[in-house]
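One structure is given below, encoded as structure tokens.
In this note's numbering, the protein residues as written are 22 to 219.
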């Protein structure tokens, strides 16, 4: 049964590739609107489900496992998505400086042959060191923060700002791979470590 990643994220692609998963990539447009007031955990699960379902419908007559994911940074119950521009990135990084925030990733897994679907989320707490305005501006000039939720990438230059994390590192990158593989094994009878040996 083939695995389809319903995400254009190079980081998610790298995570799956690095653990030996054979997969294809297919992304379909979907409505990413979320009502105001929805809790962050619900929001990421709903968005991951929308992405997964939008891609899965293209494989309805095939035996595929489709994986959709959505990651947000949450600070004081405010969802921080990707920045609109450099000024927005600066404001986000200023908020996160010296404080703890959470990274939440919602993941949906759908088997196209019978539309069985499992959705979950993972939360990781991240503590930033104190940042100067000069450091924030220099980081923004690298371009790294501009396509990332919360305006930083833990796997790149943004790692210089991380004092500590509590939880799954890969969740902060964009895909909680341990929990994903657990769900694939327990709910869909796909054992990634064994499949890689075949």
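Backbone N, C-alpha and C fix where the C-beta goes; we use that ideal spot for every residue, glycine too.
- Taking all protein chains shown into account, residue 91 has 16 or more neighbouring C-beta atoms within 10 Å of its C-beta and is therefore buried.
- Comparing alpha-carbon positions, the option among 194, 86 and 216 lying closest to residue 30 turns out to be 194.
- Beta-bridge pairing by DSSP links residue 100 to 95.
- Straight across, the Cα-Cα distance linking residue 50 with residue 183 is about 33 angstroms.
- Under the three-state reduction of DSSP, residue 143 is assigned to strand.
- The beta carbons of residue 188 and residue 145 sit closer together than 9 angstroms.
- In terms of CA proximity to residue 198, 37 leads the group 97, 37 and 123.
- For residue 70, the enclosing alpha helix (DSSP H) begins and ends at 61 to 77.
- Closest by C-alpha distance to residue 102, out of 25, 68, 133 and 80, is 68.
- DSSP places residue 32 within a helical segment (H, G or I) once states are collapsed to three.
- Excluding five sequence positions before and after residue 40, the CB atoms of its chain that fall closer than 7 angstroms to its own CB belong to 198 and 213, given in chain order.
- Excluding sequence positions up to five before and after residue 118, its CB lies within less than 7 angstroms of the CB of 149, 151 and 152, all in the same chain and listed in chain order.
- Within a 10 Å sphere around the beta-carbon of residue 59 sit fewer than 16 other beta-carbons, which makes this residue exposed.
- Rounded to whole angstroms, the gap between the alpha carbons of residue 171 and residue 94 is 5 angstroms.
- According to the DSSP secondary-structure assignment, residue 191 is paired through a beta bridge with no residue.
- Distance from the CA of residue 46 to the CA of residue 159, rounded to the nearest whole angstrom, comes to 34 angstroms.
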